[in-house]
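First up is the structure itself, then whatever we jot down about it.
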Amino acid sequence: MDIESDGGFITFEGIEGCGKSTQAKMLYEHLIETGYGVVHTREPGATAIGRVLRETLLSTEFAGMDPRSELLLFAASRAQHVAEVLRPSLGDGKIIICDRYVDSTIAYQAYGRGLPVAEARRISDWASGGLMPDLTLLLDLPVEQALGRLSPDDLDRIELADIDFHRRVREGFRELAEFYPERFRVLDATQPAKAIHMQVIAAVNSFLDAII
Ligand code: T5A
């Protein structure tokens, strides 16, 4: 791949409270300092349409949301994100750092909510036009430890799901990492943020060395 024309697409994934947002921001700052053209984005909520969908998806007002509605709203947010942000940025040769993407749909809506994996994948692929990340950094840690980092008075609709749901989501991510070892790097998210950042940089540097 030629970074001048194709860019590079890096995603962060993991359960609630795993520290993705912290690491995505640290990596963004590191790559900007190093002189790369970088776009830092997330799902859902990186476009005007995505922000409306995010509010609906996470609102505790919609506790009765059907898993199929949930999947379709995430897919709609993704379609807009791909069209408005991801494809144009890759076309400009940028490195994209994206907080959550299609693997979250498989882990949350399929493994977590129980929808068939093949259907979740088919709808996700359709929404994304088949655009997949080049490198996925999975921050893995036990559910109890991750949820313990969240403020209990401020949980959204998905964070409020029972602990077995979050355990299935973690298992889903770990299985995805086993299925796609060429794309995934699994990092121990129980470590301090700085130590994880060093592992992130090592993984990203070897990816960038391979594509530039
Ligand atoms: N979703 C999303 C789906 O169900 N399907 C989909 O297809 C997609 C795209 C997104 C929700 O949508 C779901 C998944 C989510 O439920 P969100 O608000 O973006 O909602 O939620 P998260 O992605 O979980 O993001 P958060 O910012 O809430 O959590 P992070 O990114 O896991 O963690 P972070 O970095 O904010 O850190 C959480 C806390 O831990 C501390 C931080 O300071 C912070 O207080 N922390 C650490 N503490 C100890 N050690 C470390 N190494 C730490 N790193 C961070």
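Numbering of the sequence shown is given in our numbering, commencing with residue 2 and proceeding in unit increments.
Beta carbons are placed, not taken as given, at the ideal position from N, Cα and C, and that holds for glycine.
Everything numeric in this text was worked out from a predicted model, so none of it was measured.
Asked                                                                                                  : Found
Any heavy atom of the ligand T5A within less than 5 Å of residue CB: hits in chain order               : GLU17, GLY18, CYS19, GLY20, LYS21, SER22, THR23, GLU44, PHE75, ARG101, SER105, THR106, TYR109, ARG150, ILE159 and ALA194
Contiguous beta strand (DSSP E) assignments of at least 3 residues, all confined to the region 108–192 : 136–141 and 185–189
C-alpha gap between ALA204 and ARG186, whole angstroms                                                 : 7 Å
Straight-line gap, PRO89 to PRO134 (C-alpha atoms, nearest Å)                                          : 15 Å
Residues sharing a beta bridge with PHE13, DSSP                                                        : ASP100 and LEU138
Cβ pair count under 8 Å reaching 3, the region 40–48 against the region 65–82                          : yes
Environment of ILE33 [buried if 16+ CB atoms lie within 10 Å]                                          : exposed
Rounded distance between the beta-carbons of ALA190 and CYS19, thought under 8 Å                       : 5 Å
Start and end residues, alpha helix (DSSP H) containing THR106                                         : Taken as a continuous stretch (DSSP letters only), THR106 belongs to no alpha helix (DSSP H), as it is neither H nor E.
Cβ neighbour criterion (16 or more within 10 Å) applied to LEU104                                      : The residue asked about is misnamed: residue 104 is Asp in this sequence, not Leu. Buried, since its Cβ has 16 or more Cβ neighbours within 10 Å.
is_contact[ALA204, chain D] using C-beta, thresh 8 Å                                                   : The structure shown contains no chain D; it holds only a single protein chain.
Within 8 Å, strictly: CB atoms of LYS21 and LEU116                                                     : no
Distance CB(SER70)-CB(ARG158) smaller than 8 Å                                                         : no
Residues that DSSP places opposite ARG43 in a beta bridge                                              : ASP100
MET27 (DSSP reduced to helix, strand or coil)                                                          : helix
Candidates ALA119, GLY94, ALA111 and GLU176: closest to ILE212 by CA position                          : GLY94
Nearest candidate by alpha-carbon position, reference LEU132, set PRO153, GLU176, LEU87 and LEU156     : LEU87
Contacting residues, own chain, Cβ-Cβ under 7 Å from ASP165 (five flanking each side not counted)      : none
GLN192 versus LEU73, ASP7, THR23 and GLU183, residue with shortest Cα-Cα distance                      : THR23
Own chain residues within Cβ distance below 7 Å of GLU160, not counting five before or after           : GLU17 and LEU151
Through-space distance from GLY15 to GLU120, alpha-carbon basis                                        : 21 Å
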